[in-house]
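Going letter by letter, the sequence shown gives residues 1 to 224 in UniProt numbering. Glycine is no exception: its CB is placed at the ideal position from the N, C-alpha and C atoms. Since this is a predicted model, take the numbers as computed values, not measurements. Everything on this sheet refers to the single structure shown next.
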Amino acid sequence: MSIKSLPNESMPREKLLSHGPSSLTNAELLAIFLRTGTQGMNVIELSDRLIKEFGSLRELFSSSKKEFCSHKGLGEAKYVQLQAVLEMTQRYLAETLQRGDALTSPEHTKLYLSSILRDRQREAFYILFLDNQHRVIQDEVLFEGTIDSASVYPREVVKRALHHNSAALILAHNHPSGVAEPSQADRRITRRLSDALALVDIRVLDHFVVGDGEVVSFAQRGWI
């Protein structure tokens with residue numbers, strides 16, 4: 001069936017305009033991005049097939065250029081568009097945090113950290129350096145390790161925090177295993193960092209652990 005033969009309320013663009021983006025399925029959202037189908041397959045059918053082939057929308061978005069372009073209906077131009085969309089999303093989230101929402105919108109912070117860390121194949125230790133109004137001064141991956149650990153050195157964290165003239169920090173790291181539950185080692189290094197930074201009047205406000213589908217906040221657990 002051609003997409004033109006579908007009733008207006010079933011067409012992705014019209015559905016989005018009438019009911020909002022949250023009303024669309026993953027296939028319908030992808031169809032808006034792809035715009036056109038292939039011979040014998042309309043764009044919604046193509047989108048549904050691609051999501052099934054990749055396994056999920058997330059797997060499609062995180063695929064390599066070679067893997068992405070190997071599927072019928074996708075090519076280099078679409079890959080470039082997709083990377084641009086993903087980068088714009090990260091920059092939008094980053095700009096919102098820079099306005100001072102790092103603490104007032106913890107869910108927004110989780111979204112941003114998840115977009116940065118979730119799909120990394122190695123454990124990475126990430127820091128948001130904040131001013132005294134809790135606005136983001138700088139953010140960076142300070143340490144990177146193996147698939148299940150990363151060595152974190154309090155001296156280096158203190159050094160970078162002083163370099164950025166930070167008043168506070170938000171810590172984050174990923175678990176490539178996909179399980180976000182913090183380990184005892186995670187709790188120990190958080191305490192060591194908090195103690196070291198307190199000596200120079202810098203507070204650790206939170207530590208987030210990013211998993212496959214969950215982000216755990218130490219502050220929400222009452223651990224900070």
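For my contact list, residue i and residue j are in at a C-beta cut-off of 8 Å; report their separation, rounded to the angstrom.
| i | j | result |
| --- | --- | --- |
| glutamate 45 | glycine 55 | In fact, because the Cβ distance is near 18 Å, the residues do not count as touching under 8 Å. |
| valine 158 | leucine 197 | 6 Å |
| phenylalanine 61 | leucine 86 | 6 Å |
| glycine 145 | arginine 122 | 6 Å |
| leucine 171 | isoleucine 202 | That belief does not hold up - the Cβ atoms of leucine 171 and isoleucine 202 are roughly 12 Å apart, past 8 Å. |
| asparagine 174 | leucine 117 | 4 Å |
Provide the residue span of the beta strand (DSSP E) that contains residue i, from first to last.
| i | result |
| --- | --- |
| glutamine 138 | 136-144 |
| isoleucine 202 | Looking at the DSSP string, isoleucine 202 is not in any beta strand (DSSP E), and its letter there is neither H nor E. |
| isoleucine 170 | 168-174 |
For residue i, report the span of its alpha helix (DSSP H) as first-last.
| i | result |
| --- | --- |
| serine 18 | 12-19 |
| asparagine 26 | 26-34 |
| tyrosine 112 | 106-117 |
| histidine 163 | 154-163 |
| leucine 60 | 57-61 |
| leucine 50 | 43-54 |
| lysine 66 | 65-69 |
How would you call residue i, buried or exposed, if buried means at least 16 neighbouring beta carbons within 10 angstroms?
| i | result |
| --- | --- |
| threonine 190 | buried |
| serine 70 | exposed |
| phenylalanine 218 | buried |
| leucine 17 | exposed |
| asparagine 165 | exposed |
| serine 183 | exposed |
| valine 210 | buried |
| leucine 130 | buried |
| leucine 199 | exposed |
| glutamate 181 | exposed |
| phenylalanine 33 | exposed |
| alanine 124 | buried |
Give the secondary structure of residue i by DSSP, where H, G and I count as helix, E and B as strand, and everything else as coil.
| i | result |
| --- | --- |
| valine 216 | strand |
| alanine 124 | strand |
| leucine 130 | strand |
| methionine 1 | Bear in mind that the predicted position of methionine 1 carries a pLDDT of just 45, short of 50, making it too unreliable to give a figure here. |
| aspartate 206 | strand |
| proline 7 | Bear in mind that the predicted position of proline 7 carries a pLDDT of just 45, short of 50, making it unreliable; the figure below should be weighed with that in mind. Correct three-state label for proline 7: coil. |
Give me the Cα-Cα distance between residue i and residue j, rounded to the nearest whole angstrom.
| i | j | result |
| --- | --- | --- |
| proline 12 | serine 115 | 25 Å |
| serine 151 | leucine 111 | 25 Å |
| serine 149 | histidine 19 | 44 Å |
| leucine 113 | glycine 40 | 41 Å |
| histidine 207 | lysine 72 | 42 Å |
| isoleucine 51 | valine 215 | 24 Å |
| histidine 163 | serine 177 | 33 Å |
| proline 21 | phenylalanine 143 | 37 Å |
| glutamate 156 | leucine 193 | 10 Å |
| arginine 35 | leucine 82 | 13 Å |
| glutamine 220 | glycine 75 | 43 Å |
| proline 154 | arginine 188 | 12 Å |
| leucine 29 | arginine 49 | 13 Å |
| isoleucine 137 | aspartate 186 | 25 Å |
| aspartate 195 | glycine 213 | 30 Å |
| asparagine 132 | threonine 109 | 18 Å |
| arginine 135 | arginine 91 | 15 Å |
| leucine 205 | tryptophan 223 | 10 Å |
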